[in-house]
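> Below: one structure in structure tokens.
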Amino acid sequence: MASSVDVVVVGAGAAGLMCAATAAYRGRRVRVLDHANRPGKKILMSGGGRCNFTNLNSTPQHFLSANPHFCISALKRYTPQHFFELAERHGVDWCEKGPGQLFCVHSSQPILDLLLTECEWAGAEVQVNTSIQRIEQHGQGFRLHTSSGVISCESLVIATGGLSIPTLGASGFGYQVAEQFGLTVLPTRAGLVPFTLQPQEKEHLTPLSGVAVPVSVQAGGQTFREPMLFTHRGLSGPAMLQLSNYWQPGEALQINLLPEAGLDLAAWQQLRRQRPEARVEQVLQQYWPKRMAQQFCAWQQWDQPLQHFSQMALEQLDSSLRQWTVKPSGTEGYRTAEVTLGGVDTRQVSSRNFQANTVPGLYFIGEVLDVTGQLGGHNFQWAWSSGYCAGEVV
Ligand code: FDA
188 MASSVDVVVV GAGAAGLMCA ATAAYRGRRV RVLDHANRPG KKILMSGGGR
238 CNFTNLNSTP QHFLSANPHF CISALKRYTP QHFFELAERH GVDWCEKGPG
288 QLFCVHSSQP ILDLLLTECE WAGAEVQVNT SIQRIEQHGQ GFRLHTSSGV
338 ISCESLVIAT GGLSIPTLGA SGFGYQVAEQ FGLTVLPTRA GLVPFTLQPQ
388 EKEHLTPLSG VAVPVSVQAG GQTFREPMLF THRGLSGPAM LQLSNYWQPG
438 EALQINLLPE AGLDLAAWQQ LRRQRPEARV EQVLQQYWPK RMAQQFCAWQ
488 QWDQPLQHFS QMALEQLDSS LRQWTVKPSG TEGYRTAEVT LGGVDTRQVS
538 SRNFQANTVP GLYFIGEVLD VTGQLGGHNF QWAWSSGYCA GEVV
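So, in structure tokens, the structure goes:
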């Protein structure tokens with residue numbers, strides 16, 4: 188059956204629903220199409236089930252892109268404060284976990300409810316279980332051949348997100364549409380993703396699965412001071428997820444395992460003088476969980492009392508603890524990644540209204556674009572800002 192609307196938004200995720208409601212409030216007839224069986228699946232799963240829905244301190248510096256200035260305009264026009272006020276109007280219970288990081292208190296559901304309610308109030312239609320087989324330009328607009336018939340529209344918004352977590356509906360559809368209309372898609376890779384380890388390190392670190400410690404970690408010219416979590420596959424936790432956005436395959440990570448302890452070489456020398464009988468494990472247990480102190484000391488063979496450590500051995504001990512070098516074998520990939528780096532090249536899209544420069548009526552918003560936020564609510568903020576700004580013009 189053929190039908191016609193003003194705007195079709197493909198993707199009923201964070202950016203798509205925001206855009207749809209904003210456009211429908213302007214009186215546009217809007218239909219959101221999604222191939223999944225329900226909207227906003229990623230929202231529900233986000234933030235460990237409690238959606239970190241924005242970051243009040245979000246700035247363009249929190250985003251990666253080949254075109255770093257692209258995000259400035261939208262982030263300025265639809266700010267974290269705007270979304271926070273919307274959440275307040277909908278009575279979303281929130282808490283601040285890290286500085287500026289706003290999470291839902293109980294579950295992510297209120298954020299999805301907010302978006303669907305806004306769509307309903309504005310009159311935007313959300314249609315799930317609909318796959319798009321073909322898109323063609325038709326007059327001033329587009330014609331979409333879908334599993335539920337042909338739909339014509341003036342404006343077509345692509346909000347299909349990135350490739351992470353295919354089981355939640357992720358697909359490369361947005362990239363295919365971009366290529367169909369002659370836009371460049373920059374190479375994609377998994378971001379905000381745990382690292383996997385080489386077998387020799389994995390063997391010693393797997394027993395620590397579940398242990399978390401504060402670290403300072405460095406790679407790709409970036410340093411993050413956050414908790415690190417040992418997993419049965421490798422290294423995760425905020426420190427590692429953040430760093431994965433900047434890490435290049437083959438690069439080593441430099442990890443300071445005692446960033447807050449003040450336990451430097453001079454401190455070890457003093458300890459050797461003052462407590463010659465003490466063992467490294469006893470000292471480390473003051474800073475780390477006992478299991479970690481035991482496992483590390485067994486692995487590194489730090490089993491002698493401190494008095495038996497030569498100057499060189501103390502230097503090695505200090506360096507192993509404060510400049511531990513780990514070369515990951517890779518990352519866990521899109522299966523567990525929170526985001527996709529790369530995507531539709533923003534140099535071909537307007538930073539004000541998200542329209543493709545060479546294809547009037549075609550818009551790209553959200554994660555499908557080559558704009559990726561750091562951990563901490565920045566990615567949803569990008570979805571809200573880009574969705575809102577496109578919704579104002581489509
Ligand atoms: P999003 O992925 O939300 O939506 C895309 C929609 O398009 C989906 O509904 C999908 O089904 C649909 N679609 C895809 N292909 C299609 C096709 N061919 N046809 C029709 N529909 C199609 N960020 C943050 O700021 N705070 C957080 O707490 C978290 N936590 C988090 C946890 C986990 C596990 C993940 C995977 C991700 C996060 N994120 C996050 C990242 C955040 O979820 C992400 O950046 C936004 O959801 C991106 O919004 P979009 O609307 O662009 O895509």
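Counted the way the numbering used here counts, the sequence shown spans residues 188 to 581.
Even glycine gets a Cβ: it sits at the ideal position worked out from N, Cα and C.
Buried or exposed: where does glutamine 129 fall if 16 or more other Cβ atoms within 10 Å of its Cβ makes it buried?
Nothing about residue 129 can be reported from this structure: the residues present for the chain run from 188 to 581 only.
> Would you check if the distance between the CB atom of serine 358 and the CB atom of leucine 370 is smaller than 9 Å?
Taking the sequence shown and counting its residues from 1, the one referred to as residue 358 is at position 171. Taking the sequence shown and counting its residues from 1, the one referred to as residue 370 is at position 183. No. Outside cutoff.
> When DSSP labels each residue in this structure, what does histidine 222 get in the three-state scheme?
In the sequence shown, residue 222 corresponds to position 35, counting from 1. It is coil, neither helix nor strand.
> Measure from the C-beta of valine 380 to each C-beta in chain C and report whether the shortest distance is under 9 Å.
As a matter of chain content, chain C is missing from the structure shown, which is built from one protein chain.
> Taking the continuous beta strand (DSSP E) assigned at glutamate 312, which residues delimit it?
Translated into the one-based positions of the sequence shown, residue 312 becomes position 125. Looking at the DSSP string, the run of the beta strand (DSSP E) that includes glutamate 312 is 312-314.
> Using 10 angstroms around the beta-carbon of arginine 321, count the other beta-carbons present and answer buried if the total reaches 16, otherwise exposed.
Translated into the one-based positions of the sequence shown, residue 321 becomes position 134. Its Cβ having fewer than 16 others within 10 Å, arginine 321 is exposed.
> Following the continuous beta strand (DSSP E) through glycine 574, name the residue where it begins and the one where it ends.
Looking up residue 574 in the sequence shown gives position 387. From DSSP, glycine 574 is part of no beta strand (DSSP E) but of the alpha helix (DSSP H) over 565-578.
> List in chain order: all unbroken beta strand (DSSP E) runs of 3+ residues lying wholly within the stretch 304-354.
Listed in chain order, the complete beta strand (DSSP E) runs (minimum 3 residues) inside the stretch 304-354 are 312-314, 319-325, 328-333, 336-340 and 342-345.
> Count the other C-beta atoms from every protein chain shown that fall within 10 angstroms of the C-beta of isoleucine 259, then say buried if there are 16 or more, exposed otherwise.
Position 72 of the sequence shown holds residue 259. Isoleucine 259 should be labelled exposed.
> Glutamine 405 bridges to which residues according to DSSP?
Counting from 1 along the sequence shown, the entry for residue 405 is found at position 218. BP columns for glutamine 405 point to Thr410 and Gln441.
> With DSSP run on the structure shown, which of helix, strand or coil describes phenylalanine 382?
For the purposes of this step, residue 382 is taken as the residue at position 195 of the sequence shown. Strand, per DSSP.
> Determine, using beta carbons only, whether isoleucine 352 and threonine 523 come nearer to each other than 9 Å.
In the sequence shown, the residue the question calls residue 352 occupies position 165. In the sequence shown, the residue the question calls residue 523 occupies position 336. Result yes, Cβ atoms of isoleucine 352 and threonine 523 sit closer than 9 Å.
> Could you tell me if histidine 565 is buried or exposed, where buried requires 16 or more neighbouring beta carbons within 10 angstroms of its beta carbon?
Your numbering for residue 565 matches position 378 in the sequence shown. So histidine 565 ends up on the buried side.
> What runs of the alpha helix (DSSP H), each 4 residues or longer, lie entirely inside the stretch 420-503?
For the stretch 420-503, whole alpha helix (DSSP H) runs of length 4 or above, ordered along the chain, are 424-431, 452-461, 467-471 and 477-487.
> Measuring alpha carbon to alpha carbon, tell me which of Gln248, Thr375 and Gln387 ends up nearest tyrosine 521.
Locating residue 521 in the sequence shown gives position 334, counting from the first residue. Ranking the options by Cα distance to tyrosine 521, first place goes to Thr375.
> Whole-angstrom Cβ separation of valine 526 and glutamate 554, contact assumed at under 8 Å?
Here the question's residue 526 lines up with position 339 in the sequence shown. Here the question's residue 554 lines up with position 367 in the sequence shown. Contact flag correct, Cβ pair sits at about 6 Å.
> At the level of alpha carbons, what is the spacing between glycine 130 and tyrosine 265?
Nothing about residue 130 can be reported from this structure: the residues present for the chain run from 188 to 581 only.
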